[in-house]
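Numbered continuously in my numbering, the sequence shown closes out at residue 323.
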Amino acid sequence: MAIRDSLDPEPGLERGRPSDKRADGARGDDGFLIAGRSATPEEHALIVRDQRFDRSHKTPRWWHSNDPVATAWYNSVSASLPRGEAFFIDTLKAFRDDLPPRLAAEVKAFTRQEINHTREHVAFNRLVQDHGYDVESIDRGIHEMLALTEGRPPEFNLAITIALEHFAAIISRQLLAHPEYLAGADPVAADVWRWHATEEIEHKGLVYDVWLHATRDWSAWKRWQVRSLIALLITRKYFGNRVRDAIGLLMQDGFERRSAKRRLRAFLWWKPGMMRRMFVEWAAILKPGFHPWQHDDRALLGLHASAYCDAVMPAE
């Protein structure tokens with residue numbers, strides 16, 4: 008079946024259009040703005056790929072290479088996504104009325120991407136539940152964690168969103184740059200992750216650009232201090248909870264806690280060792296003058312088309 012893939016940017020996001028959102032920064036010879044300003048490439052635009060994956064496909068219980076550990080890790084991450092994506096959307100709503108036109112249009116495209124991600128991961132999580140796993144406890148844990156943000160300043164929640172979007176973008180880069188991470192996985196399940204990874208990379212600078220606009224009256228010191236501290240705290244909390252929940256899923260498969268913990272640690276840090284490989288890239292968020300697009304990985308965006316395109320259903 009053909010994939011319906013919306014290749015035209017959102018209205019107002021034409022490629023090459025001068026960017027009013029970056030008008031206050033000096034431009035370098037490479038087309039990027041100097042540190043402290045947006046480093047988003049001028050011609051970059053967000054593309055909404057409205058894909059619905061085959062709901063009738065029978066995904067195996069251990070869908071990743073018949074490996075319960077790999078499956079548990081990705082299931083733990085997927086179970087956290089619907090509420091997380093909703094939080095990102097709600098966070099940006101607090102800023103959209105004050106944004107320059109182009110940035111506001113990009114927020115609209117970002118929102119559509121995140122809504123689609125939520126829809127597909129809700130469906131993915133139902134498949135996990137159909138195999139007898141309890142993932143509702145994971146969802147409740149995310150709800151309880153995000154409840155702590157209620158009543159906080161909107162800039163605080165924006166900094167949380169930056170931290171989580173950065174973590175997601177680094178994982179997404181790993182998935183697309185190193186196909187071995189999804190090698191052997193069920194083709195439909197793997198394609199969900201590749202599609203999601205593509206759009207995570209594509210919009211990785213959007214929230215940060217909103218942050219630069221929202222905190223334009225802050226000093227560079229204050230901006231760095233808030234951003235880096237929240238990045239440390241929230242990433243540690245989120246990653247720790249994903250490990251905890253993956254161990255819980257493995258215990259549902261009959262593993263003892265000690266064995267589950269040992270095997271998951273080896274999976275994440277040794278072989279294939281994604282966390283070990285991505286740590287330096289993740290730590291870039293702690294640097295003064297950081298911007299997600301200082302690492303230009305647009306070349307990966309063309310890799311989203313699946314080798315298993317017949318497994319993807321056209322959007323309705």
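Idealized CB from N, CA, C, for every residue including glycine.
Distance CB(residue i)-CB(residue j) smaller than 8 Å
i, j, result
"PHE274", "TRP70", "no"
"ALA170", "ILE96", "no"
"HIS210", "GLN120", "yes"
"ILE208", "ARG230", "no"
"PHE94", "LEU153", "yes"
"SER72", "ALA192", "yes"
"ILE145", "ALA86", "yes"
"LEU165", "THR118", "no"
Residue i to residue j span [Cα, whole Å]
i, j, result
"MET285", "PRO48", "23 Å"
"PRO108", "ARG126", "27 Å"
"GLU92", "LYS294", "26 Å"
"ASP105", "ASP224", "14 Å"
"HIS249", "ARG59", "The residue asked about is misnamed: residue 249 is Arg in this sequence, not His. Approximately 26 Å between the Cα atoms of the pair."
"GLU151", "LYS100", "21 Å"
"ASP198", "GLU50", "27 Å"
"PHE262", "TRP228", "47 Å"
"ILE178", "GLY247", "15 Å"
"ARG243", "ARG283", "15 Å"
"PRO186", "ALA290", "23 Å"
"ASN132", "GLY296", "38 Å"
"ARG90", "TYR245", "13 Å"
"GLU270", "GLN301", "Strictly speaking, residue 270 in this sequence is Arg, with Glu absent from that position. Between ARG270 and GLN301, the C-alpha separation is close to 35 Å."
"ARG272", "GLY148", "21 Å"
Residues near residue i by beta carbon distance below 6 Å, same chain, minus five either side
i, result
"ALA190", "none"
"ASP36", "Unreliable placement is indicated for ASP36, whose pLDDT of 31 sits below 50; the coordinate value is still reported in the next sentence. Counting only Cβ-Cβ distances below 6 Å, and skipping sequence neighbours, we find nothing."
"LEU88", "HIS128"
"HIS64", "VAL195"
Sequence-distant residues of the same chain with beta carbon closer than 7 Å to residue i, five excluded per side
i, result
"ALA267", "ILE254, LEU257, MET258"
"ARG62", "ALA130"
"LEU182", "TYR188, LEU189, TRP200, ARG201, ALA204"
"PRO299", "HIS173, ALA176, LYS211, GLY212, TYR215"
"ARG264", "ILE254, MET258"
"GLY139", "none"
"LEU110", "LYS28, ASP216, VAL217, HIS220"
"VAL84", "ARG249"
Closest by C-alpha distance to residue i, when choosing among the options
i, options, result
"LEU240", "ILE292, ASN123, GLY296", "ILE292"
"GLY280", "LEU219, TYR215, TYR188, ASP224", "TYR188"
"TRP277", "ARG147, ALA77, SER63", "ALA77"
"ASP260", "ASP74, HIS173, TRP289", "ASP74"
"ARG251", "THR66, GLU50, GLN58, ASN82", "ASN82"
"ARG234", "THR168, GLY247, GLU288", "THR168"
"VAL325", "PRO67, TYR245, GLU288", "Here the chain comprises residues numbered 8 to 323, so residue 325 is not present and cannot be evaluated."
"VAL217", "LYS115, ALA86, ARG56", "LYS115"
"GLY309", "ILE54, SER45, VAL287", "ILE54"
"GLU113", "ILE149, GLY148, GLU206, VAL195", "GLU206"
"SER4", "GLU157, THR222, ALA290", "Outside the shown range of the chain (8 to 323) lies residue 4, about which nothing can therefore be said."
"PHE163", "LEU110, PHE102, GLY148, PHE297", "PHE102"
Residue i, buried or exposed, once every other Cβ within 10 Å from all chains shown has been counted against 16
i, result
"HIS128", "buried"
"ASN123", "buried"
"PRO160", "exposed"
"MET232", "Note that residue 232 is Gln in the sequence shown, not Met. Per the 10 Å Cβ criterion, exposed."
"HIS173", "buried"
"ASP303", "exposed"
"ASP137", "exposed"
"ARG141", "According to the sequence shown, residue 141 is Asp rather than Arg. The residue in question, ASP141, is exposed, as its Cβ has fewer than 16 Cβ neighbours within 10 Å."
"GLU143", "exposed"
"GLU157", "exposed"
"SER226", "exposed"
Neighbourhood of residue i by C-beta, 8 Å cutoff - its chain only, sequence neighbours within 5 removed
i, result
"ALA184", "ASP304, LEU307"
"GLU288", "ILE177, ARG180, HIS302"
is_contact[residue i, chain C] using C-beta, thresh 8 Å
i, result
"GLU263", "The structure shown contains no chain C, having only a single protein chain."
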